[in-house]
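Participant: Quick mapping for you: the protein sequence lines, in order, are chains A and S.
Under the numbering used here, the first residue of the first sequence carries the number 206, and numbering increases by one thereafter.
Under the numbering used here, the first residue of the second sequence carries the number 206, and numbering increases by one thereafter.
2 protein chains.
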Amino acid sequence: MSERSIEFWLDFGSNYSYMAAMRVEALAERFGVKVQWRPFMLGPIFESIGWQAVPFVQQELKGAYVWKDMARQCEKYGVPWSKKPSVFPRPAVYTMRVAAAYSSEPWLGEYCRRVMTRNFVDDRDIHANEVAVEVLNRMGLSGVDIVQSAQVEPRKSRLRLFGEQAKALGIFGAPTFFVRGEMFWGNDRLEDALAFATSDRKYR
Amino acid sequence: MSERSIEFWLDFGSNYSYMAAMRVEALAERFGVKVQWRPFMLGPIFESIGWQAVPFVQQELKGAYVWKDMARQCEKYGVPWSKKPSVFPRPAVYTMRVAAAYSSEPWLGEYCRRVMTRNFVDDRDIHANEVAVEVLNRMGLSGVDIVQSAQVEPRKSRLRLFGEQAKALGIFGAPTFFVRGEMFWGNDRLEDALAFATSDRKYR
């Protein structure tokens with residue numbers, strides 16, 4: 206039997222991506238499912254849909270609610286949380302480029318969690334190669350080497366390629382999960398996606 | 206101790222309102238919580254936010270996904286489902302006016318479930334007083350009397366009043382739940398809202 210897996214499409218600036226990133230590996234392990242990380246830039250997707258800004262920012266009422274929901278859901282799931290970051294959504298091209306370049310590395314999950322925690326818990330900038338270097342060094346890796354080689358082709362283009370794949374897949378938000386070609390949108394559907402990964406059925 | 210209760214804000218044309226309407230009373234009973242039905246028109250809310258159409262209709266990608274999600278979630282929750290209604294969103298002013306006029310009646314939940322099932326399972330029109338009469342008659346009630354008296358003030362204006370309250374409360378979608386003044390948005394938050402109703406804590 207082939208290995209059961211789940212694609213996890215995330216943007217470092219997305220708050221519900223953060224919640225899912227903090228949960229996905231431990232939960233997937235319980236289900237016996239492998240996580241395939243798919244960092245991609247959500248901004249160009251929103252632009253292509255015709256949104257001028259993140260929905261939570263553009264829609265005032267929904268925006269106010271979202272941060273309440275984040276506090277509640279993080280508490281429910283035991284995910285660290287403080288408050289809405291002072292910059293939202295935070296750009297993260299450099300740190301995400303590293304994530305995309307090394308998306309299959311065993312340390313990728315920890316790297317993503319550390320960078321996203323820096324944004325959503327510590328309220329600090331994540332839009333610089335120096336941040337990637339610092340995070341990787343703290344993980345006991347060679348930050349400078351990894352970040353430098355992430356800027357060499359074909360690795361450098363992987364973030365853009367994931368973005369093009371996301372668009373081709375019809376992704377319209379983050380986090381999004383794919384299991385055997387089936388889309389599951391949002392942190393609220395993570396458990397459903399994992400249950401589907403361990404089943405043998407097909408959805409209509 | 207005062208009675209624990211949950212306000213359930215719904216629009217008959219909203220598909221996730223349908224899912225919540227089919228679940229709320231049985232679930233609330235398990236939690237020992239009373240349901241206060243709050244039928245309101247979502248259209249004017251969307252207009253005041255600046256949306257020209259239902260988000261699922263306006264955003265093509267999300268629209269395609271939503272009906273997959275509906276099929277999956279209804280199966281998960283054991284709620285009857287067939288497919289996207291041929292008219293969406295279906296107008297329902299007349300049947301909702303009756304619901305709003307008699308929102309505290311013990312038969313209200315069953316009335317809502319029957320009307321919404323007619324829309325989302327049977328794919329039939331729900332925008333007529335005759336529909337309300339038929340549904341009420343099948344429930345063993347005096348349909349004509351109830352529908353006629355729903356058109357007498359102050360009962361007639363209750364649907365409009367609920368709409369004004371919804372706007373004042375900052376409601377931006379349906380279903381929405383309120384417990385002790387705290388908003389919970391979406392069918393996915395029903396369990397959280399009920400858990401909060403049975404707790405003594407306050408959210409930030």
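Beta carbons are placed, not taken as given, at the ideal position from N, Cα and C, and that holds for glycine.
Tell me, please, whether the CB atom of Lys267 (chain A) is closer than 8 Å to any CB atom in chain S?
Facilitator: For Lys267 (chain A), the answer is yes, since a Cβ of chain S falls inside 8 Å of its Cβ.
Participant: So which of A:Pro244, A:Tyr221, A:Met224 and A:Asn220 has the shortest CA-CA distance to Leu364 (chain A)?
Facilitator: Of the listed residues, the one whose Cα sits closest to Leu364 (chain A) is A:Pro244.
Participant: Tell me which residues of the stretch 242-257 of chain S have at least one Cβ-Cβ distance to chain A shorter than 7 Å, keeping chain order.
Facilitator: Residues passing the 7 Å Cβ filter: Ile254.
Participant: Under 6 Å Cβ to Cβ from Phe401 (chain S), same chain only, skipping five residues before and after it: list those, please.
Facilitator: Correct list, in chain order: Val384.
Participant: Per DSSP, which residues does Pro244 (chain S) bridge with? Please list them.
Facilitator: In the DSSP output, where bridge partners are listed per residue, Pro244 (chain S) has S:Leu215.
Participant: Should Thr322 (chain A) go down as buried or exposed, given a rule of 16 or more other Cβ atoms within 10 Å for buried?
Facilitator: That one is buried.
Participant: Give a yes or no on whether the minimum CB-CB distance between Gly312 (chain S) and chain A is below 8 Å.
Facilitator: Correcting the residue identity first, residue 312 (chain S) is Trp in this sequence and not Gly. False, the Cβ-Cβ gap to chain A never drops below 8 Å.
Participant: Put Glu369 (chain S) into one of helix, strand or coil per three-state DSSP.
Facilitator: Glu369 (chain S): helix per DSSP, three-state reduction.
Participant: Compute the beta-carbon to beta-carbon distance between Ala337 (chain A) and Val303 (chain A), rounded to the nearest angstrom, for a pair I have assumed lies under 8 Å.
Facilitator: The pair is a contact, with the Cβ atoms about 5 Å apart (cut-off 8 Å).
Participant: Compare the beta carbon distance of Arg209 (chain A) and Val238 (chain A) with 8 Å and say whether it is the shorter of the two.
Facilitator: Yes, the Cβ-Cβ distance between Arg209 (chain A) and Val238 (chain A) is below 8 Å.
Participant: Taking DSSP as the reference, what is the three-state secondary structure of Trp272 (chain S)?
Facilitator: Of the three classes helix, strand and coil, the one that applies to Trp272 (chain S) here is helix, per DSSP.
Participant: Look at Leu366 (chain S) and Phe382 (chain S) and say whether their C-beta atoms are less than 8 Å apart.
Facilitator: No, Cβ-Cβ distance for Leu366 (chain S) and Phe382 (chain S) is not below 8 Å.
Participant: Would you tell me roughly how many angstroms separate the C-alpha atoms of Met206 (chain S) and Phe236 (chain S), rounded to the nearest one?
Facilitator: The predicted position of Met206 (chain S) is uncertain, since its pLDDT is 48 and thus under 50; no value can be drawn from it.
Participant: Taking the C-alpha atoms as reference points, what is the distance between Lys372 (chain S) and Pro290 (chain A)?
Facilitator: Cα-Cα distance, rounded: 28 Å.
Participant: Taking 8 Å as the threshold (beta carbon to beta carbon), is Arg277 (chain S) in contact with chain A?
Facilitator: With 8 Å as the cut-off, Arg277 (chain S) counts as an interface residue toward chain A.
Participant: In or out: Ala231 (chain A) buried (at least 16 other Cβ within 10 Å) or exposed?
Facilitator: Exposed, by the Cβ-count rule.
Participant: Within 10 Å of its beta-carbon, does Glu212 (chain A) have 16 or more other beta-carbons around it, so buried, or fewer, so exposed?
Facilitator: Per the 10 Å Cβ criterion, buried.
Participant: Of all the residues that make up the stretch 369-395 of chain S, which are near chain D by a beta-carbon distance shorter than 7 Å?
Facilitator: Absent from the structure is chain D; the protein chains it does hold are A and S.
Participant: Would you identify the three-state DSSP class for Thr381 (chain A), choosing helix, strand or coil?
Facilitator: Three-state result, Thr381 (chain A): strand.
Participant: If you measure from the beta carbon of Met206 (chain A) to each beta carbon in chain S, is any gap under 8 Å?
Facilitator: Note on Met206 (chain A): pLDDT 48, under 50, position unreliable in the model; the coordinate value appears next. No, because no Cβ of chain S sits closer than 8 Å to the Cβ of Met206 (chain A).
Participant: Between Asp328 (chain S) and chain A, is any beta-carbon pair separated by less than 8 Å?
Facilitator: Chain A, which has no Cβ nearer than 8 Å to the Cβ of Asp328 (chain S), makes this no.
Participant: Might you give, ordered along the chain, the residues of its own chain that have their beta carbon closer than 6 Å to the beta carbon of Tyr223 (chain A), omitting 5 neighbours on each side?
Facilitator: Correct list, in chain order: Met321 and Phe325.
Participant: So, is Asn342 (chain S) buried or exposed, given that buried needs 16 or more other C-beta atoms within 10 angstroms?
Facilitator: Classification of Asn342 (chain S): exposed, given that the 10 Å Cβ count is below 16.
Participant: Since Glu339 (chain A) is in the beta strand (DSSP E), which residue starts that stretch and which ends it?
Facilitator: No beta strand (DSSP E) contains Glu339 (chain A), which is instead part of the alpha helix (DSSP H) from Asn334 to Arg343.
Participant: I want to verify the contact list: residues of chain A whose CB lies under 8 Å from the CB of Tyr270 (chain S), in sequence order.
Facilitator: The answer, in chain order, is Gly375, Phe377, Met388 and Trp390.
Participant: The alpha helix (DSSP H) with Glu396 (chain A) in it runs from where to where?
Facilitator: First-last of the alpha helix (DSSP H) with Glu396 (chain A): Leu395 to Ala402.
Participant: Compare the Cα-Cα distances from Glu358 (chain A) to each of A:Met301, A:Arg228 and A:Ala306 and report the closest residue.
Facilitator: Closest by alpha carbon: A:Ala306.
Participant: Which chain S residues are close to Gln264 (chain A), counting only those with a beta carbon under 8 Å from its beta carbon?
Facilitator: Neighbours of Gln264 (chain A) on chain S, chain order: Ile254 and Phe377.
Participant: Tell me the DSSP secondary structure of Met206 (chain A) in three-state form.
Facilitator: Because the pLDDT at Met206 (chain A) is just 48, under 50, the model does not fix this residue reliably, and the value given afterwards should be weighed accordingly. Met206 (chain A): coil per DSSP, three-state reduction.
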